[in-house]
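Here the sequence shown is numbered in this note's numbering, starting from 57 and rising by one per residue.
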Amino acid sequence: MWLKPEEVLLKNALKLWVQERSNQYFVLQRRRGYGEEGGGGLAGLLVGTLDAVLDSTSKVAPFRILHQTPDSQVYWSIACGSSREEITEHWNWLEHNVMNTLSVFDSNEDITSFVQGKIRGLIAEEGKSSFVKEEDPEKFREGLMKFEKCFGLPEQEKLVTYYSCSYWKGRVPCQGWLYLSTNFLSFYSFLLGAEIKLIISWDEISKLEKTSNVILTESIHVCSRGEDHYFSMFLHISETFLLMEQLANYAVRRLFDKETFENDLVLHDPLQITKRGLESRAHSEQFSSFFRLPKEETLKEVHECFLWVPFSHYNTHGKMCISENYICFASQDGSLCSVIIPIREVTGVEKADPANRGVSISTRGKTAFRFTEVRDFEQLVAKLRMKCNATSSPQHILNTEVTASSTSDSPKDVDAGPSKMGQRDNSKTVITEALMTVYHPQDAENLDSKMLKEKMKEQSWNILFVERGHGVSMFRTKKTRDLVVRGIPEALRGELWLLFSGAVNDMASNPGYYTELVEKSLGTCTLATDEIERDLRRSLPEHPAFQSDTGISALRRVLTAYAYRNPQIGYCQAMNILTSVLLLYAKEEEAFWLLVAVCERMLPDYFNRRIIGALVDQAVFEELIRVHLPQLTDHMTDMTFFSSVSLSWFLTLFISVLPIESAVNVVDCFFYDGIKAVLQLGLAVLEYNMEKLLTCKDDAEAVTVLNRFFDSVTNKDSPLPPAVQQGSNLSHTKSDHPNVDITDLIRESNELRVVSQDVKFSLSDLDELYELFKKEHFLSCYWNVHSPVLQHHDASLPYLEQYRIDCQQFRVLWHLLSPWSHCANRDSLALWTFRLMDESSDCLINFKQFACVLDTMYNGSFTDKLKLLFKLHIPPAFTEVESLSPSKGGDLSKEELIHFSQLSVSDIGDSLESDSSKSSPEKGKGRVDIQAYLKQWQDELLKKEENIKDLPRMNQSQFIQFSKTLYNLFHGDPEEELLYRAIAVVTSLLLKMEEVGRRLQVPTSAVKGPVATMEVPAEIPRPGQEKSSAEQTEGSGTQSLRGSHEWSFAFEQILASLLNEPALVRFFEKPHDIKVKIESAKNLQLKARTRM
């Protein structure tokens, strides 16, 4: 193989190479140890090891040719070969075609230039088609040569890429090279005569995952035919794993879906499969899947930037992703904010703020999105303007902003359908109204309690639309998801399903497509249409909409049109059940596009003859059961039971097993979260029935337990009439099983995930914290049967909110887990923290509140930690604390702690109760005022996220206590002296600033002398002197300011002053490891309770 000419210092290579031939201009060398008896002895073994481990040209082949010129010490490598025959062929070509020409040149420089040019020309000609798409063609050619030499695979096998890594054989790592080709994963290592050669076919791999343990920090685990293989020491392990995952997926697709695979022009031709191409394809698939975009969209550009969030008044950091037809943004700072902007909706692109490299994008919905800190923002603006101009043709100009008051025909048009059933071509009239609006119209005048709640839900969504936008380009945040979990209102369900599934984009891009399909498909006779006709009457037969011609005809048209559109799927059982529910809440054309989104994007490979997608997700479900429900796994002798039971859960999204009024809530979550919503709910169902399943003796008994559970699931907020609800008739007959509300079940299924989204703790740490929290709860109940925790226990609450602790129990956990527990006034801090979290004023807190405040202490930024300390020293958290036993110092007795935690709580509760009794629309007699209900609901939902400007100012006594706390926190720190000096400077500066501000507002005589009295001395007291000096300062300050204007500080003033002191910033940004605290807490929890 010809090589790109590179310099070689021959004198450094004499011990590794043996010269076999030479002439005036060229030298042919053989690698030492190759072709010799015994491998060339120790030197040959060492050379072979170097070849296998090092990334150099010498590793490639055992033969090479060097170019030399007389009287020169510089040599150039120009060719290499894996066999003597190959290198001899190159040598002979040089002698016949180049040697005679070189004698013409006068200088050695001309000879070298000619040889290099000739070799480069040969390489260019040789690699015109083979390596032009590789990132580094020369290096890739070398890797390919060694790959072919080591493994002897067929010539058609295409090498994709290769990586240097270690393969673990037992406990010994073997350094070598991992080769990824279209059909095989291969590894080669040669260390001191020990050769390791591994070839694994992609379709034989049963498990592929990234793992880590004590020995291997990060490794890739491959399981094939029952054998485990571990690869580690990758330079870019995520990139390697992504490519391995793709190649394994393609191998499986080739086996099970050969027709689709062959229709893919890139995957079907191995020469088109390159590392760069696979990476680009993977990123595009992730992009379209995350934002629910059409599969044809390919990711073109990614820009790291900030997006201005107007309703929260801050910039969220994330990535802007651009494809042919969409501009999307997803945050990466934990705010869970995402935006999708179709280019068809864009009306203008401008440079917003050149100083901050800003880009402003305006849409038809009169919304402007402002991105800042965009690299190359001027080029981006120019590109986006070109895209907008290209898509402004008439066929693209249509408004896709779906609204609740979208145009719909009168019910007369719906009933204009045919009356003759059984004829496949009986109607081509597409209904333009959701069936639920026809068969269950809402009575706006006579509202019962359920309809009242439904109106409240609608109002909450309308408020969200006002804040975050309405339609395709709305801001999607954590609040959006919380509302989805509660259940989408009946009137908005179809619209929001379209938005969250991405079906709205398909429908907007293909106007008139469905009507054409209906005309073409109705009247056709295929195997699919026969199966559709057979199943039409089995689709929600208890619902009135499918007991009439209208519903049956619409269902026939949608299913037949889809079978005509996608003959590879055609029709599969379960599609009729899913489509029936879609037709209840969406118009006919919308239901068709929702079905397209489900079958082709959200649940790929589910609805075909082999249901491969469902089987894969069932395998994932089984693995989740093994991890999260090990007791159930140990009890069940055969895990296939879960597969057989859960197949209908996955194929019908629980519609076939749950009452319709409960199942639609599951569909809500599915369209927002995807298949993981179904997986989470499946785990919650099994966990809920764990005790009963563990007592079952066979599969039939377990199936009966689950069926009875599903019959007991209700939706207490559903406004559907009893005639439509499936669960209403069963609640009386199945009284032996308590009813379970679907909203609670869904909330419990992802409650831990919701908590984990609010905090930065890992799930394992969160689990450990929860166990400690729950243990503290049960310990208090064991020792005190009259505990307020037991008296206030509410079993209807979600699992993670049922367990609550009081102030005394919180103090125990604070001492064990808080990074600030070394503070001298730690009991006061624990008390104030508890009061801050006790928002309901019932002297109890739940785990979510507990985890969030701990997360701020461990993972919060400098600003977050300082804000927490600030809030602890202002009402309602702050209260003057003084122990009745001065000998205890800052420690408080249990009675004192409970007394201070309840201080002012009862008064506040009484006033709140009296206010609520006055304002609540339920109180009093007479007609219920719905406007009062909606206003109260709106007031609750309009509570905005906290802004630092909204924090009240801190008065003088609170500030003095705040300063004391900081002194106590710094005690014992390695930078204690620096920290004391810094806080003294900050305190003095703040007081001077406040004095200057007051002098500008009030006469001079009124404020004479306070600064001199309050100024902190430059000589910082030692820890033993802190208390007395602080008390003197407090006393003198109070006396001097009595009768004059009180001073106070805003949080921004304190924050700005502290930011100027590097020692303070370092202290609060110092990382703390909670794992150490957790392990210690496990051992000391009981002792700590006894001690307190």
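Just so it is clear, CB atoms sit at the ideal spot from N, CA and C, and this is done for glycine as well.
Considering Cα atoms alone, identify which of 640, 428, 86 is closest to residue 370. In the sequence shown, the residue the question calls residue 370 occupies position 314. The shortest C-alpha separation from residue 370 is found at 428.
Determine, for residue 888, whether the minimum Cβ-Cβ distance to residues of chain C falls below 8 Å. The chain labelled as chain C is not found in the depicted structure, where only one protein chain is given.
Can you check the segment 323 to 371 for any alpha helix (DSSP H) of at least 4 residues that lies completely inside it and give the ranges in chain order? Runs of the alpha helix (DSSP H) inside the segment 323 to 371: 331 to 346.
How would you call residue 137, buried or exposed, if buried means at least 16 neighbouring beta carbons within 10 angstroms? Counted from its first residue, the sequence shown places residue 137 at position 81. With a threshold of 16 other beta carbon atoms within 10 Å, residue 137 meets it and is buried.
My output table needs one value for residue 859: the three-state DSSP class, helix, strand or coil. For this step, residue 859 is matched to residue 803 along the sequence shown. Coil, per DSSP.
Reducing DSSP to helix, strand and coil, say where residue 374 ends up. Walking along the sequence shown from the start, residue 374 turns up at place 318. Residue 374: strand per DSSP, three-state reduction.
Helix, strand or coil at residue 609 according to DSSP, with G and I counted as helix: Here residue 609 corresponds to residue number 553 of the sequence shown, with the count starting at 1. Helix, per DSSP.
Hey, out of 1045, 547, 367, 1032, whose CA is closest to residue 1123's CA? Against the sequence shown, residue 1123 aligns to sequence position 1067. Closest by C-alpha distance to residue 1123, out of 1045, 547, 367, 1032, is 1032.
So, at 8 Å on beta carbons, what are the nonlocal neighbours of residue 681 in its own chain, with the 5 sequence-adjacent residues on each side left out? By one-based count along the sequence shown, residue 681 stands at place 625. Cβ neighbours of residue 681 beyond the five flanking positions: 688, 689, 695, 698, 739, 742.
Pull up the CB-CB distance for residue 1161 and residue 130, whole angstroms please, since I reckon it's below 8 Å. Residue coverage of the chain in this structure runs from 57 to 1148, which leaves residue 1161 outside it and unanswerable.
Quickly, what does DSSP pair residue 276 with across the bridge? List them, please. Here residue 276 corresponds to residue number 220 of the sequence shown, with the count starting at 1. Residue 276 is bridged to 266, 287.
Cα separation between residue 398 and residue 374? On the sequence shown, position 342 is the one that residue 398 refers to. On the sequence shown, position 318 is the one that residue 374 refers to. Between the C-alpha atoms of residue 398 and residue 374 there is a straight-line separation of about 18 Å.
Counting Cβ pairs closer than 8 Å, one from the segment 521 to 531 and one from the segment 615 to 626, do we hit at least three? Flag = no, the segment 521 to 531 and the segment 615 to 626 do not touch.
Please report the Cβ distance between residue 924 and residue 912, rounded to the nearest whole angstrom; I am assuming they are in contact, meaning their Cβ atoms lie under 8 Å. Residue 924 sits at position 868 when you count from the first residue of the sequence shown. Residue 912 sits at position 856 when you count from the first residue of the sequence shown. Contact flag correct, Cβ pair sits at about 5 Å.
Look at residue 731 and residue 719 and say whether their C-beta atoms are less than 8 Å apart. Counted from its first residue, the sequence shown places residue 731 at position 675. Counted from its first residue, the sequence shown places residue 719 at position 663. Taking C-beta atoms as the reference points, residue 731 and residue 719 fail to come closer than 8 Å.
Cβ-Cβ separation, residue 903 to residue 1010 (assumed contact under 8 Å), whole Å: In the sequence shown, the residue the question calls residue 1010 occupies position 954. In the sequence shown, the residue the question calls residue 903 occupies position 847. About 30 Å separates the CB atoms of residue 1010 and residue 903; that is not less than 8 Å, and the two are not in contact.
For residue 229, the first and last residue of its enclosing beta strand (DSSP E): For the purposes of this step, residue 229 is taken as residue 173 along the sequence shown, with counting starting at 1. Looking at the DSSP string, the run of the beta strand (DSSP E) that includes residue 229 is 228 to 237.
Sort 376, 534, 388 by Cα distance to residue 416 and report the nearest one. To locate residue 416, count along the sequence shown from 1; it is residue 360. For the residues 376, 534, 388, the minimum Cα distance to residue 416 belongs to 376.
Neighbourhood of residue 1119 by C-beta distance below 7 Å, restricted to the same chain and skipping five residues each side: Residue 1119 sits at position 1063 when you count from the first residue of the sequence shown. 1031, 1034, 1035, 1038, listed in sequence order.
According to DSSP, simplified to helix, strand and coil, what is residue 802? Here residue 802 refers to the residue found at position 746 when the sequence shown is read from its first residue. Helix, per DSSP.
Just curious, the alpha helix (DSSP H) that residue 301 is in, first and last residue? Along the sequence shown, one-based indexing puts residue 301 at 245. 293 to 312 is the extent of the alpha helix (DSSP H) around residue 301.
Where residue 737 and residue 802 are concerned, what is the direct C-alpha to C-alpha distance, given to the nearest angstrom? Position 681 of the sequence shown, counted from the start, is the residue given in the question as residue 737. Position 746 of the sequence shown, counted from the start, is the residue given in the question as residue 802. As the crow flies, the alpha-carbon of residue 737 is around 6 Å from that of residue 802.
What is the DSSP secondary structure of residue 699, reduced to helix, strand or coil? On the sequence shown, residue 699 is found 643 positions in, with the first residue counted as 1. Residue 699 falls in the helix class under three-state DSSP.
From what residue to what residue does the beta strand (DSSP E) around residue 58 run? Mapped onto the sequence shown, residue 58 falls at position 2. Counting along the chain, the beta strand (DSSP E) containing residue 58 begins and ends at 58 to 64.
Within the continuous beta strand (DSSP E) that includes residue 879, where are the two ends? Here residue 879 is taken as the residue at index 823 of the sequence shown, counted from 1. From DSSP, residue 879 is part of no beta strand (DSSP E); its letter is neither H nor E.
Near residue 1127, what residues of its chain come up, given a Cβ to Cβ distance below 6 Å and the 5 sequence neighbours on each side ignored? Numbered from its first residue, the sequence shown carries residue 1127 at position 1071. Excluding residues within five positions, none has a Cβ falling inside 6 Å.
Quick one: give me the first and last residue of the alpha helix (DSSP H) that residue 766 is part of. Counting from 1 along the sequence shown, the entry for residue 766 is found at position 710. Its alpha helix (DSSP H) spans residues 755 to 768.
Tell me whether the segment 657 to 667 and the segment 616 to 631 touch, counting them as touching only if at least three CB pairs, one residue from each stretch, are closer than 8 Å. Because the criterion of three Cβ pairs below 8 Å is met, the segment 657 to 667 and the segment 616 to 631 touch.
Beta-carbon proximity of residue 372 to residue 487, cut-off 8 Å: On the sequence shown, residue 372 is found 316 positions in, with the first residue counted as 1. On the sequence shown, residue 487 is found 431 positions in, with the first residue counted as 1. No, Cβ-Cβ distance for residue 372 and residue 487 is not below 8 Å.
For residue 727, which residues in the same chain have their Cβ closer than 7 Å to its Cβ, ignoring the five residues on either side in sequence? For the purposes of this step, residue 727 is identified with residue 671 of the sequence shown, where counting begins at 1. Excluding positions up to five away in sequence, the list reads 553, 556, 557.
Go ahead and pull the three-state DSSP assignment for residue 148. Here the question's residue 148 lines up with position 92 in the sequence shown. The answer is helix: DSSP assigns residue 148 an H, G or I state.
Beta-carbon within less than 7 Å of residue 760's beta-carbon, same chain only, minus the 5 sequence neighbours each way: which residues are those? Taking the first residue of the sequence shown as position 1, residue 760 is located at position 704. There are no such residues.
If you reduce the DSSP assignment to three classes, tell me which class residue 132 lands in. Residue 132 sits at position 76 when you count from the first residue of the sequence shown. For residue 132, the secondary structure class from DSSP, reduced to helix, strand or coil, is strand.
Output needed for residue 174: all residues of its chain with C-beta closer than 7 Å, excluding positions within five of it in sequence on either side, in chain order. Reading the sequence shown from its first residue, position 118 is the one you call residue 174. Taking residue 174 as the centre and dropping the five residues before and after it, the same chain places the C-beta of 154 closer than 7 Å to its C-beta, in chain order.
State whether the segment 115 to 129 contacts the segment 77 to 87, with contact taken as three or more CB pairs (one from each stretch) at a distance under 8 Å. By the criterion of at least three beta-carbon pairs nearer than 8 Å, the segment 115 to 129 is in contact with the segment 77 to 87.
Sub-8 Å separation of residue 426 and residue 408 beta-carbons: For the purposes of this step, residue 426 is identified with residue 370 of the sequence shown, where counting begins at 1. For the purposes of this step, residue 408 is identified with residue 352 of the sequence shown, where counting begins at 1. Yes; because the gap between Cβ atoms is below 8 Å, this pair is in contact.
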